[in-house]
Amino acid sequence: MDTQITSSEADSELNLDADRAANTETTAPVTTPAIEPSHLYECKSCGYVYEPASGDQKRGISAGTPFEQLPKDWRCPVCTARKDKFSDIGLPNKPSGFSENLGYGLGVNVMTPAQKNLLIFGALALAFIFFMSLYALD
1 MDTQITSSEA DSELNLDADR AANTETTAPV TTPAIEPSHL YECKSCGYVY
51 EPASGDQKRG ISAGTPFEQL PKDWRCPVCT ARKDKFSDIG LPNKPSGFSE
101 NLGYGLGVNV MTPAQKNLLI FGALALAFIF FMSLYALD
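Numbering (full-length UniProt numbering), first residue to last: 1 to 138.
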């Protein structure tokens with residue numbers, strides 16, 4: 001019995017061997033770089049906060065565009081102030097101030113700005129309710 005291999009069979013054997021070799025090779029895991037949150041910028045004129053994660057859909061700025069990469073002619077979508085009228089207010093949801101000062105102030109320094117607002121306006125609402133309840137003391 002004489003077995004002869006045709007050229008098409010030999011090509012298919014080579015392709016199978018190449019596929020097996022490709023499947024057995026180890027590939028390095030693909031790692032995506034950690035995306036650091038970008039700094040927020042606040043308009044000094046009206047208080048609008050530019051968030052790079054959201055972008056500016058009104059002016060065609062896609063989400064993820066850092067403030068530094070905005071066009072020079074970009075303006076505040078609320079009051080049309082120039083880009084140089086914005087100030088860096090830091091990272092979102094991070095206590096403001098220097099890290100060495102966060103231990104002072106009865107724990108208020110470690111609160112985020114949103115938490116501070118809730119504390120202040122909640123205390124004002126509670127004081128108003130107490131004041132109004134004095135009318136019920138007839």
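In this text, a Cβ means the ideal position worked out from N, Cα and C, and glycines have one as well.
As the structure is a computational prediction, the values presented were derived from the model and not from experiment.
Going by the beta-carbon positions, is the gap between Pro-77 and Tyr-41 smaller than 8 Å? Their beta carbons are not under 8 Å apart, which means Pro-77 does not touch Tyr-41 by this criterion.
Quick check on Ser-54: does DSSP put it in helix, strand or coil? Ser-54 sits in coil when the DSSP states are folded into three classes, being neither helix nor strand.
Is DSSP giving Gly-90 helix, strand or coil here? Strand at Gly-90.
Should Phe-130 be labelled buried (16 or more other beta-carbon atoms within 10 Å of its own) or exposed? Phe-130 is exposed by the Cβ-count criterion.
Can you find the residues in the same chain that come closer than 7 Å, C-beta to C-beta, to Pro-52, ignoring five residues on each side of it along the sequence? Taken in chain order, the residues that qualify are Ser-38, Gly-64, Thr-65, Pro-66 and Phe-67.
Rounding to the nearest angstrom, what Cα-Cα distance links Gly-103 and Ser-87 in this structure? Going by the C-alpha atoms only, they are around 26 Å apart.
Between the C-alpha atoms of Asp-84 and Lys-72, what's the straight-line distance to the nearest angstrom? So the two alpha carbons sit approximately 9 Å from each other.
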